[in-house]
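Presented below is the structure to which this report refers.
Numbering (full-length UniProt numbering), first residue to last: 1 to 328.
Okay, structure coming up:
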């Protein structure tokens, strides 16, 4: 049977490191996903208010099909500055895309990013012309290789999942034939991750080993217009769930796009409502290319996409559960 990997996190995908940094005074943070070598990656954007960098370059019809890192950040548009700093640091290390290997011609690091809005969470945001995101991006990059913290960490440090504390979640699964699929997510949604009036998460049916508390729904039906712990007065651009799913399977750019599309279903399984005009929901999909797709390849990709959606749903519930535990 399939089962979670050793850490039940994105770190179970061979060839990926994660680094995180936060500023407790500002109540914000950054998460960097760093493949050991350039990795095939794509993205799917479903929210009505996204904030992204270089996601257009990841579409299957474009020239560049691999990335050097992916950055998830708080800070709304300010947070996109974290990816600039990560790209600068990786470029200084000689990592990046190159059309011509000539002396004096620098490589171009490909560092896509997606941000969430955490500007109204009470932190000190009076940074003037010196926002903290470049610093936090460098710190998160330097932290790659460390154990992964969940809950109030990284890009999810200042997040709110509906009216509950949001945070960083992660989950993994290893199939019987040896493929690893995993997800990492920063949950800052309009919608609620819990069933109205219950402690149980929408993703409860996918839970493995009590990883987000083991709560099960009790009672009868609920009002279809009851959104439970959702934000009651959402404003455009002030929310968003940003995530990355990854696998060690060999994928093309088109395969990675399909994986990202299928993984978006994990948000639907874990958050209600989701993909609203007020969210910027974005999911990246990455391949480290360690294990060829078994024939028939489309069926294997379908299996991986379904597992990616499950992992993302579990990661969302884990992130909010771990954030609640850290608030106690």
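Idealized CB from N, CA, C, for every residue including glycine.
Helix or strand or just coil, what does DSSP make of residue i?
i	result
residue 154	helix
residue 257	helix
residue 53	strand
residue 66	strand
residue 7	coil
residue 179	coil
residue 133	helix
residue 285	strand
residue 328	Any reading at residue 328 needs caution, since the residue's pLDDT is 49, under 50, leaving its predicted position unreliable; the model's value is listed next. Correct three-state label for residue 328: coil.
residue 184	strand
residue 216	coil
residue 309	helix
residue 192	strand
residue 149	coil
residue 76	helix
residue 206	helix
residue 299	helix
residue 293	coil
residue 317	helix
residue 161	strand
Can you say whether residue i is buried or exposed, counting buried as having 16 or more other CB atoms within 10 angstroms of its CB?
i	result
residue 25	exposed
residue 286	buried
residue 322	buried
residue 20	buried
residue 94	exposed
residue 127	exposed
residue 8	buried
residue 6	exposed
residue 54	buried
residue 105	exposed
residue 98	exposed
residue 10	buried
residue 4	buried
residue 62	exposed
What residue range does the beta strand (DSSP E) around residue i cover?
i	result
residue 23	16-23
residue 244	241-249
residue 114	113-115
residue 169	167-174
residue 29	28-35
residue 393	An answer regarding residue 393 cannot be provided, because it is not within the stretch 1 to 328 covered by the chain.
Might you give, ordered along the chain, the residues of its own chain that have their beta carbon closer than 6 Å to the beta carbon of residue i, omitting 5 neighbours on each side?
i	result
residue 305	259, 262
residue 60	253, 254, 257
residue 328	At residue 328, the pLDDT of 49 sits below 50, so the modelled position is not reliable and the matter cannot be decided from this model.
residue 222	196
residue 307	173, 181
residue 145	17
For residue i, I'd like the list of residues in its chain whose CB is within less than 7 Å of its CB, leaving aside the five on either flank, ordered along the chain.
i	result
residue 279	47, 48, 49, 189, 190, 239, 240, 241
residue 84	134
residue 138	85, 89
residue 123	25, 26, 27, 28, 158
Specify, as a first and last residue, the run of the alpha helix (DSSP H) that residue i falls within.
i	result
residue 92	81-92
residue 266	265-270
Closer than 7 Å: is that where the CB of residue i sits relative to any heavy atom of the ligand PLP?
i	result
residue 7	For the structure depicted, the ligand PLP is absent and the ligand set is empty, with no information on it obtainable.
Assuming residue i contacts residue j (C-beta within less than 8 Å), just tell me the rounded distance between them.
i	j	result
residue 271	residue 208	Actually they are not in contact, since the Cβ atoms of residue 271 and residue 208 sit about 19 Å apart, beyond 8 Å.
residue 174	residue 310	About 13 Å; that fails the 8 Å criterion.
residue 176	residue 245	Not confirmed; about 20 Å, so no contact.
Excluding five sequence neighbours on each side, which residues of the same chain lie with their C-beta closer than 8 Å to the C-beta of residue i?
i	result
residue 218	198, 200
residue 164	192, 193, 194, 229, 320, 323, 324
Closest Cβ-Cβ distance between residue i and chain B: below 8 Å?
i	result
residue 215	Of the protein chains in the structure, only one exists, and it is not chain B.
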